[in-house]
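Engineer: In the order they appear, the protein sequences are chains E and L.
In terms of our numbering, the first sequence opens at residue 386 and continues consecutively.
In terms of our numbering, the second sequence opens at residue 483 and continues consecutively.
Input: one structure, supplied below.
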Amino acid sequence: AQSVTQLGSHVSVSEGALVLLRCNYSSSVPPYLFWYVQYPNQGLQLLLKYTSAATLVKGINGFEAEFKKSETSFHLTKPSAHMSDAAEYFCAVSGPSGSARQLTFGSGTQLTVLP
Amino acid sequence: EAGVTQFPSHSVIEKGQTVTLRCDPISGHDNLYWYRRVMGKEIKFLLHFVKESKQDESGMPNNRFLAERTGGTYSTLKVQPAELEDSGVYFCASSQRQDRATVTQYFGPGTRLTVL
């Protein structure tokens with residue numbers, strides 16, 4: 386069984402500040418990990434994914450995430466927040482590697498960027 | 483290339499009525515998934531098609547939900563009869579194949595279903 390925990394359902398940062406959204410996973414097999422973003426009134430958009438290659442993954446819009454197996458974490462970061470980053474962010478896990486199985490999502494983190 | 487599309491974007495029905503949601507995956511994608519998010523909770527898996535076959539329907543909540551994918555192209559999800567707890571956002575996603583390079587699922591904008 387797989388599960389995802391996102392710490393903090395709401396996170397607020399000031400424009401220009403570091404963004405850190407936390408994700409911890411549980412998986413009995415080597416996982417694939419994903420971050421998706423949902424902007425208001427839009428669908429889910431893939432930010433980045435980890436598929437057992439480099440542990441530091443760079444995504445779109447300046448986001449990146451680091452896979453830490455020892456901590457079972459896949460936290461999302463961005464050095465400097467922009468107003469346009471305000472959205473809901475979802476961490477997800479699937480597996481086993483190479484399969485087209487279902488995604489298991491965390492409960493989401495709503496990011497607010499303050500001017 | 484067109485993305486995953488879903489119709490309608492919103493649907494408001496009364497308890498006991500029937501609603502059919504449609505999903506058109508990205509052209510050439512064999513895998514099609516349905517997910518649901520109820521009242522701000524987690525997005526939860528409903529079922530997975532590979533072409534026209536149901537690969538995994540372990541997430542379907544009960545027999546009021548019927549999904550089809552005739553011809554392996556678009557898919558429909560019918561709820562009959564609808565209950566209040568069926569309200570939520572229904573997402574469809576598709577992915578190309580099962581190898582490592584194409585494991586990404588691409589999501590549609592969702593259908594917001596409200597059952598009164």
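Even for Gly, the Cβ is constructed at its ideal location relative to N, Cα and C.
Just so it is clear, the structure is predicted and the values come from calculations on it, not from any experiment.
1. Assign glycine 495 of chain L to one of three DSSP states: helix, strand, or coil.
2. Going by C-alpha distance, which of E:Gln423, E:Val414, E:Leu496 is nearest valine 478 of chain E?
3. Would you list the residues sitting across from aspartate 538 of chain L in a DSSP beta bridge?
4. How many angstroms separate the CA atom of valine 389 of chain E from the CA atom of tyrosine 417 of chain E?
5. In angstroms with no decimal places, state the Cα-to-Cα distance between valine 498 of chain E and glycine 428 of chain E.
6. If the cut is a Cβ gap below 9 Å, which residues of chain L does leucine 431 of chain E touch?
7. Counting only the same chain and skipping the five closest in sequence on each side, list residues whose C-beta sits under 7 Å from that of glycine 424 of chain E.
8. Where does asparagine 544 of chain L fall in DSSP's three states?
9. State yes or no: is the C-beta of tyrosine 588 of chain L within less than 8 Å of the C-beta of valine 486 of chain L?
10. Between phenylalanine 459 of chain L and chain E, is any beta-carbon pair separated by less than 8 Å?
11. Hey, does serine 397 of chain E have any beta-carbon neighbour from chain L nearer than 8 Å?
12. Taking the alpha-carbon of alanine 402 of chain E as reference, which of E:Pro464, E:Asp470, E:Phe475, E:Ala438 has the nearest alpha-carbon?
13. Let me know the secondary structure DSSP gives leucine 598 of chain L once reduced to three states.
14. At least one CB of chain E closer than 8 Å to the CB of glutamate 534 of chain L: is that the case?
15. Could you tell me if glycine 498 of chain L is buried or exposed, where buried requires 16 or more neighbouring beta carbons within 10 angstroms of its beta carbon?
16. Roughly how many whole angstroms lie between the Cα atoms of glycine 483 of chain E and histidine 467 of chain E?
17. Could you check what DSSP says for valine 520 of chain L in three-state terms: helix, strand or coil?
18. Could you spell out where the beta strand (DSSP E) holding glutamine 423 of chain E opens and where it closes?
19. With tyrosine 515 of chain L and lysine 526 of chain L assumed to form a contact (beta carbons below 8 Å), what rounded beta-carbon distance in angstroms separates them?
20. Report the three-state DSSP secondary structure of asparagine 409 of chain E (helix, strand or coil).
Structural biologist: Judging by the given coordinates:
1. With the sequence shown as reference, residue 495 of chain L is identified as isoleucine, and glycine is not the correct amino acid for it. Residue state for isoleucine 495 of chain L is assigned as strand, using DSSP reduced to three classes.
2. Out of E:Gln423, E:Val414, E:Leu496, E:Val414 has the C-alpha closest to the C-alpha of valine 478 of chain E.
3. L:His530
4. 12 Å
5. 20 Å
6. Thr586, Gln587, Tyr588, Phe589
7. A small fix is needed here, since residue 424 of chain E is tyrosine in this sequence, not glycine. So the list reads Ala472, once near-sequence residues are dropped.
8. coil
9. yes
10. Outside the shown range of chain L, which is 483 to 598, sits residue 459 of chain L, and nothing can be said about it.
11. no
12. E:Pro464
13. Shown here, leucine 598 of chain L sits in coil according to DSSP, grouped into three states, outside any helix or strand.
14. For glutamate 534 of chain L, the nearest beta carbon of chain E is not closer than 8 Å to its own beta carbon.
15. exposed
16. In this prediction, glycine 483 of chain E has a pLDDT of 45, which is less than 50 and means its spatial position is unreliable; what the coordinates show is noted afterwards. Whole-angstrom Cα-Cα distance: 35 Å.
17. The answer is coil: DSSP assigns valine 520 of chain L none of H, G, I, E or B.
18. 417–423
19. In this structure tyrosine 515 of chain L does not touch lysine 526 of chain L by the C-beta definition: roughly 11 Å separates them, more than the 8 Å allowed.
20. In the structure shown, asparagine 409 of chain E falls within a strand segment according to DSSP collapsed to helix, strand and coil.
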